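A short write-up of the structure that comes next.
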Amino acid sequence: MTLDLTCQACDTSFELDVAELLDEPRLQCPGCDARVPRATAEALSGALEELFGHVARLRPKFQLIAEVESDDLPPPFDRERPGRAAGEAGEDDDEGAGDDDEELEEDEPERDVDDE
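Taking the numbering used here, the leading residue of the sequence shown gets 4, the next gets one more, and so forth.
Pasting the structure below:
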């Protein structure tokens with residue numbers, strides 16, 4: 004299973020194998036080396052592990068096909084960050100230049116993630 008991502012900094016599209024993310028929580032663009040903080044990658048990895056556990060329990064009765072588009076999130080996750088217009092670049096968009104362990108704001112939307 005893979006996640007399809009598009010880097011917001013350089014528009015590079017790439018795939019990330021979910022098994023690799025679960026083994027080594029790291030999310031980095033191969034085009035420009037932009038990355039999310041390690042804590043965010045670990046949180047995503049943990050959330051996917053929890054999701055897969057619930058899906059495994061559903062499997063005897065239901066088949067689940069999920070698609071997640073970061074531009075089409077349900078409320079309350081659909082709101083733009085305060086003080087930031089859609090598509091407007093911000094200071095913290097260049098994650099590759101910062102410390103790998105720095106935290107993102109809680110209300111910051113994640114990068115495009117497609118789980119099929």
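By construction, the Cβ of each residue, glycine as well, lies at the ideal position given by its N, Cα and C atoms. The structure displayed is predicted, hence computed values, not measured ones.
Within its chain, find whatever has a CB closer than 7 Å to the CB of residue i; leave out the 5 residues flanking it on each side and keep chain order.
{"i": "L61", "result": "L67"}
{"i": "G34", "result": "C10, C13, T15"}
{"i": "L19", "result": "T5, L6, L8, L30"}
Give the secondary structure of residue i by DSSP, where H, G and I count as helix, E and B as strand, and everything else as coil.
{"i": "E18", "result": "strand"}
{"i": "E91", "result": "Note that E91 scores a pLDDT of 42, beneath 50, so its modelled location is shaky; the value from the coordinates is reported in the next line. DSSP places E91 in coil when its eight states are reduced to three."}
{"i": "R62", "result": "coil"}
{"i": "E45", "result": "helix"}
{"i": "A69", "result": "coil"}
{"i": "A50", "result": "helix"}
{"i": "L76", "result": "coil"}
Starting from residue i and walking both ways along the beta strand (DSSP E), at which residues does that stretch end?
{"i": "L8", "result": "5-9"}
Tell me, please, which residues DSSP counts as bridged to residue i.
{"i": "Q31", "result": "R38"}
For residue i, which residues from the same chain have a beta carbon less than 6 Å from its beta carbon, with the 5 sequence-adjacent residues on both sides left out?
{"i": "C32", "result": "C10, T15"}
{"i": "P28", "result": "A44, E45, S48"}
- Item | Inter-stretch contact at 8 Å, needing at least 3 Cβ pairs: the stretch 40-54 / the stretch 24-32 | yes
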